[in-house]
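Participant: Each residue of the sequence shown is one higher than the one before, starting from 1195 at the first, in the working numbering.
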Amino acid sequence: MSLNLNLIPPYINGHFHPTNKSERIFTVNNPANPSDILATAGWSKELVDPVLQGMRTAQKKFRMTSLEDRLGYIKKLIGFLKENAEEIKSNMMLELARSRVAVEEEWGLCEKLFFSLPEFCKQALSVKRDEEGWEWQYAPLGLVLVSSNIALPVYTLLCSVLPSLAAGNAVCMRPSSHCLLSGSLLASGFHQASFPPGVVQIVYGDFEVFRRLVLTHQFDTILYTGGEESLEQIRRDTSTQQNARLVLCGGGKNAAYVTESANINAAISNIIYGACLDAGQRLESTNLAFIDDKIFSEFQDKFVTAIKAMPIGAREDLSKPDVHVMEPLCSSNSWERFLRFQGIAARESDETLRWGKPIDNPGNGYFVSPGVHLMKPEKVLKSIYASNAFFGPDICLIPIQNREDMISILDDLGATRCLGVHSQFVEEVHEIRKRSGVPSILWNTSTIELNPLLPSIGRGKAGNSYITGVRFLLSTVYPQVLNLSIPFAAAESDIKKIKKTQNKSNSNNI
């Protein structure tokens, strides 16, 4: 079938580049109604050279501009994004059939980023001096390549791209192939902000398009967000590129821990929200729930009742502003993978409390019901289902007799990004923090709680322990040191004057 839609053009060297000879065409289909084609974009290998040559030329000039000037460009971009916020949010809802609640939550993170970014960059990139006259500051590495996926597609791109630009790098970004609508609006924003041509390049495509850019071995920093298999492929692709900084960001096997002292109803609300917002497709989505054995029976009954009552977009309005209505999965591949893991869970778990199943709907969208399974702690590490992130609304309930079991399991998994601890006592949270290797520990909230200024990392299967968020900036710079102390850094003429003064003083003393 031929497509009559106009292709969304890539943004290269300050222009929207026509792709008349596209080797591949990518389409965005509405996950709530897959026959509805929302947008198309193309890719050609002929784009690679203009992208790289433009970036090299532009970055040499851009690094010479002042931080104030670079933040000025970013300020113009932020102004455009704020002015067009409603259109951007509408496109974010449309391209992934997201709920109004999920999109507003992501935009709230963007607003926090807009507010805090300028001061953060000023502090991070300012000149540092010591008492002896030494000084140093961060300088840009050069060329940065950034990819996003469907998890917070606008926020995660801005969180990495804007600090990179503030530091003086040139950036090429590839939005998720599911997010062409929001990606094209970002391209319009960068164009309106009048960044120098070549400083910002935006191309569209899938994982193979991103790999084509990676395999040029021309980028100084590479940030990739995706699944475990694709993370491993990028590791292999860059294994011979010794000088490139590789930042990998994947989905974690994130957990909640509900103690005996917890407010059970509040904990259930937070866990369901963390597991089902954006249909459980965020990097920080909750997958495991460790429950104190003393309250497990009560928790289980209330949890299953609550999750069965959660509204789902197959029959409810996703645009409700005050109630989260669960979204569909993003694609047929994600839908099939989720259902396959439900079958694995049914075989491996001790009891299936609710089987995640497809939901019939008029548009044949990728809607599913959340899965809930019970598993004894000794089975978790041996379970394919419980130890692998598969991006979908599913919770494995695990009764435990003491927190050491939970800490040991998560440390052995080595793929947990976030742990939500539900307890009345902050001392208990501090004790877990001392003993656990989980990067982000959250008290009485969901695992998807984020703060733009706080560092975030994925470990093991969930990444390679490089910091993301605005502190990704540190992966795009290197320190330049300048010694201004005397006599070590004195000019030759200054040294001669010093020696002449010393000789005259010595003559007078004779």
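Don't be surprised by glycine CBs; every beta carbon is placed ideally from N, CA and C. Model, not experiment: these values are computed from the prediction.
Quick test of your reading: residue 1592 and residue 1485, contact by CB under 8 angstroms. State the CB separation rounded to the nearest angstrom.
Facilitator: That pair is a contact at about 7 angstroms.
Participant: Per DSSP, residue 1247 is paired with what?
Facilitator: The partner list for residue 1247 (beta bridge, DSSP) is empty, contrary to what the question assumes.
Participant: My output table needs one value for residue 1156: the three-state DSSP class, helix, strand or coil.
Facilitator: Given a span of 1195 to 1704 for the chain in the structure shown, any question on residue 1156 remains unanswerable.
Participant: Who are the Cβ neighbours of residue 1468 in its own chain at under 8 angstroms, not counting the five residues just before and after it?
Facilitator: Here the set comprises 1448, 1450, 1478, 1479, 1480, 1614, 1640, 1641, 1642.
Participant: Restricting to Cα atoms, I'd like to know which of 1216, 1417, 1552, 1241 is closest to residue 1337.
Facilitator: The option with the nearest alpha carbon to residue 1337 is 1417.
Participant: Please check the pair residue 1455 and residue 1617, which I expect to be a contact at CB under 8 angstroms, by giving their CB distance rounded to whole angstroms.
Facilitator: Residue 1455 to residue 1617, Cβ: 5 angstroms. Contact.
Participant: Could you name the residues of the same chain whose beta carbon sits closer than 8 angstroms to that of residue 1586, not counting the 5 residues immediately before and after it, in chain order?
Facilitator: Excluding positions up to five away in sequence, the list reads 1473, 1474, 1475, 1523, 1528, 1531, 1532, 1535, 1550, 1562, 1565.
Participant: Taking C-beta to C-beta, are residue 1505 and residue 1294 nearer than 7 angstroms?
Facilitator: Not a contact, by the Cβ cut-off of 7 angstroms.
Participant: How is the alpha helix (DSSP H) around residue 1424 delimited, first residue to last?
Facilitator: Unbroken alpha helix (DSSP H) run through residue 1424: 1422-1431.
Participant: Within the chosen definition, does the stretch 1255-1275 reach the stretch 1379-1396 through at least 3 CB pairs nearer than 8 angstroms?
Facilitator: With a cut-off of 8 angstroms, the stretch 1379-1396 and the stretch 1255-1275 count as touching, because enough Cβ pairs lie within range.
Participant: Could you check whether residue 1649 and residue 1665 sit closer than 7 angstroms to each other, using their CB atoms as the reference points?
Facilitator: Closer than 7 angstroms, so yes.
Participant: Going by DSSP, which residues form a beta bridge with residue 1448?
Facilitator: Its beta-bridge partners are 1480.
Participant: If you draw a straight line from the C-alpha of residue 1271 to the C-alpha of residue 1315, how long is it?
Facilitator: Rounded to whole angstroms, residue 1271 to residue 1315 spans 16 angstroms at the Cα level.
Participant: Taking only the alpha-carbon atoms, compute the straight-line gap between residue 1443 and residue 1419 and give it to the nearest angstrom.
Facilitator: The straight-line gap from Cα to Cα measures roughly 5 angstroms.
Participant: Helix, strand or coil, according to DSSP, for residue 1334 in the structure here?
Facilitator: Reduced to three states, the DSSP call for residue 1334 is strand.
Participant: So does the stretch 1243-1251 actually touch the stretch 1205-1225, counting three or more Cβ pairs closer than 8 angstroms?
Facilitator: Short answer: they touch.
Participant: Comparing alpha-carbon positions, which option in 1353, 1395, 1384, 1347 lies nearest residue 1364?
Facilitator: Residue 1395 is the option with its Cα nearest to residue 1364.
Participant: Which residue's Cα is closest to the Cα of residue 1672: 1292, 1366, 1318, 1553?
Facilitator: Measuring from the Cα of residue 1672, the nearest candidate turns out to be 1318.
Participant: Report the three-state DSSP secondary structure of residue 1217 (helix, strand or coil).
Facilitator: Coil, per DSSP.
Participant: Can you grab the Cα-Cα spacing for the pair residue 1196 / residue 1219, in whole Å?
Facilitator: Annotation note: pLDDT 38 at residue 1196 (below 50); position unreliable, coordinate value reported separately. Spanning the two alpha carbons is a distance of roughly 11 angstroms.
Participant: Does DSSP put residue 1304 in a helix, a strand or coil?
Facilitator: Helix.
Participant: Under 7 angstroms, Cβ to Cβ, is there at least one residue of chain C near residue 1638?
Facilitator: Protein chains in the displayed structure number just one, and chain C is not present.
Participant: Measuring straight from C-alpha to C-alpha, what distance separates residue 1216 and residue 1401?
Facilitator: So the two alpha carbons sit approximately 16 angstroms from each other.
Participant: Name the one or two DSSP bridge partners that residue 1592 has.
Facilitator: Partner(s): 1484.
Participant: Quick check: the stretch 1620-1639 against the stretch 1592-1607, are there 3 or more CB pairs under 8 angstroms?
Facilitator: Yes: at least three Cβ pairs fall under 8 angstroms.
Participant: Out of 1490, 1487, 1497, 1441, which one is the CA nearest neighbour of residue 1464?
Facilitator: Nearest option by C-alpha distance: 1497.
Participant: Decide if residue 1578 is buried, meaning its Cβ has at least 16 other Cβ atoms within 10 Å, or exposed.
Facilitator: Its Cβ having fewer than 16 others within 10 Å, residue 1578 is exposed.
Participant: Could you compute how far the alpha carbon of residue 1683 sits from the alpha carbon of residue 1346?
Facilitator: Because residue 1683 sits at a pLDDT of 49, beneath the cut-off of 50, its placement in the model cannot be relied upon, and the following sentence gives the value as read from the coordinates. Cα-Cα distance, rounded: 49 angstroms.
Participant: Specify the secondary structure class of residue 1683 as computed by DSSP and reduced to three states.
Facilitator: Bear in mind that the predicted position of residue 1683 carries a pLDDT of just 49, short of 50, making it unreliable; the figure below should be weighed with that in mind. In this structure, residue 1683 counts as coil in the three-state DSSP scheme.
Participant: Does DSSP put residue 1660 in a helix, a strand or coil?
Facilitator: Coil, per DSSP.
Participant: Can you tell me whether residue 1225 is buried or exposed? The criterion is at least 16 other CB atoms within 10 Å of its CB, across all chains shown.
Facilitator: Answer is buried; the Cβ neighbour count reaches 16.
Participant: Let me check understanding here. Comparing Cα to Cα, which of 1370, 1359, 1517, 1548 lies closest to residue 1421?
Facilitator: Checking every option, the nearest Cα to that of residue 1421 belongs to 1370.
Participant: Can you check whether the CB of residue 1580 is closer than 7 angstroms to the CB of residue 1655?
Facilitator: No, these two residues do not count as a Cβ contact at 7 angstroms.
Participant: By Cβ distance, which residues of its chain are closer than 7 angstroms to residue 1356, with the 5 residues on each side in sequence left out?
Facilitator: Cβ neighbours of residue 1356 beyond the five flanking positions: 1268, 1311.
Participant: Have a look at residue 1244 and residue 1286 and give me their C-alpha separation to the nearest angstrom.
Facilitator: Between residue 1244 and residue 1286, the C-alpha separation is close to 29 angstroms.
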